[in-house]
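Numbering follows our numbering, in which position 94 of the sequence shown is assigned residue number 276; successive positions increment by one, without gaps.
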Amino acid sequence: MEHCLYDEETGYYAKKQRIFGKRGDFYTPQTASSLFGKVLAEIIRKQQFKQVYEFGAGYGHLAFDVLCSNHEIDRYIIFEISENMRKRIEKKLMNFKKKVKLYRSIEQAFEIKGFVIMVEFVDAFPVKRFLKKGKIYEVWVNINERREILKESEDHAFFEYYKFLPEGYYFEYPFSFIKWFEDFSKKFKAGKVIIIDYGLEKQNLISYPEGTIRGFKEHKVIKNIYEFYPGEIDITYTPDFSLLKRVFQKNGFNIRRFSSLSKFLIEEGILDIFEREVSIDTTSSFKIKKQSELKTLITPGMMGEKYLVMELEK
Ligand SMILES: C[S@@+](CC[C@H](N)C(=O)[O-])C[C@H]1O[C@@H](n2cnc3c(N)ncnc32)[C@H](O)[C@@H]1O
């Protein structure tokens, strides 16, 4: 998964020109609508944070929308691993050059104090896949032959968490995000962290006998990712927020909020922001566009309940 997504020459995030949006492979909340960034800008303003961090900023849409609507922010610090994305972000945020700092990875951060945003960041980390069949097997992949190989797994303490799953079930474990989060926690000194991602809770795993790993290409879900060459499609999984909660608490964070995206956006005033926008630009085409974006963000079957929001504090 790491090779497919992040190889510096052939990885999906390194080479693919169009990833997000209509002509790309998928939408994210920030590429679906600027209303999303405006809600976050308002939260940051209300809580009087002057320093914002964003991890995995993609095309930089969220940073742009937040900086356009909240002029009180002094510094917006981005960590984006893909050079391709960093180039796009630089262009997109040209007018905010003085406020924006752009880094490749958390290793370049000294300490983190402020408001931290991670949108569709957790799901972009490589995971390991396991099969429960008598013993627990780790699923490896022969890249050249594009097929899976089962190897008996070494024993891991976290297997206990998956004990309730029936025989024959696959599950995935986010080793690399957990490791990354431990590094992040050591550098995080004060502030808030907001994590927004599509997600599930532990009990929902029972609905996924094959696990949740899947691909995306041109807005279609790819069930058999081996039909494609490494780097050709996005590969992702659905983060388990029950597991993440444990990871965050273990690293000293308190969970301040856990809700669906729709509940979060409505509580934080997206409907007022929408009303304000359509009262400024009163053309019917603008209103129809904004209504459709709002629908994408808050309708349960669209992003509204597929995405979860977790807010952490330390
Ligand atoms: C699914 S995309 C989401 C982009 C953006 N947040 C959005 O919602 O449109 C994940 C992004 O995280 C970046 N990324 C993945 N791992 C990273 C890491 N360890 N540090 C910084 N960026 C990372 C990827 O390059 C990619 O741009």
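Quick reminder that beta carbons are idealized off the backbone N, C-alpha and C, glycines included.
Computed from a predicted structure; not experimentally measured.
Uninterrupted beta strand (DSSP E) stretches inside the stretch 422-481 (no shorter than 3 residues): Fully enclosed beta strand (DSSP E) runs of 3 or longer: 436-442.
Taking 7 Å as the line, does the beta carbon of Q385 fall inside it for any heavy atom of ligand 1? Not under cutoff, so the answer is no.
Could you check whether F297 and G238 sit closer than 8 Å to each other, using their CB atoms as the reference points? No, the Cβ-Cβ distance between G238 and F297 is not below 8 Å.
Taking 7 Å as the line, does the beta carbon of T213 fall inside it for any heavy atom of ligand 1? Indeed, a heavy atom of ligand 1 lies less than 7 Å from the Cβ.
Determine the extent of the alpha helix (DSSP H) in which F359 is found, giving its start and end residues. Its alpha helix (DSSP H) spans residues 357-369.
Take every Cβ of the stretch 330-346, pair it with every Cβ of the stretch 263-270, and state whether three or more of those distances are shorter than 8 Å. Counting Cβ pairs under 8 Å, fewer than three are found: no touch.
Quick check: is any heavy atom of ligand 1 less than 7 Å from the C-beta of I263? Yes.
Flag F303 as yes when its Cβ comes closer than 7 Å to any non-hydrogen atom of ligand 1, and as no otherwise. Yes, ligand 1 has a heavy atom inside 7 Å of this Cβ.
Applying the criterion that 16 or more other CB atoms from any shown protein chain within 10 Å of the CB defines a buried residue, is Y411 buried or exposed? Y411 should be labelled exposed.
Please go through the same chain and pick out, in chain order, the residues whose beta-carbon is closer than 8 Å to the beta-carbon of A214, but skip the five residues on each side of it. Excluding residues within five positions, the ones whose Cβ falls inside 8 Å are E475, T478, L479, M485.
Compare the C-alpha of G350 against each of E392, E383, R311 and name the closest. Nearest of E392, E383, R311 to G350, Cα basis: E392.
How many Å lie between Y209 and G203 at the Cα? Computed Cα separation, rounded: 5 Å.
For the stretch 214-229 against the stretch 444-461, do three or more pairs of beta-carbon atoms, one drawn from each stretch, fall closer than 8 Å, so that the two count as touching? The stretch 214-229 is in contact with the stretch 444-461.
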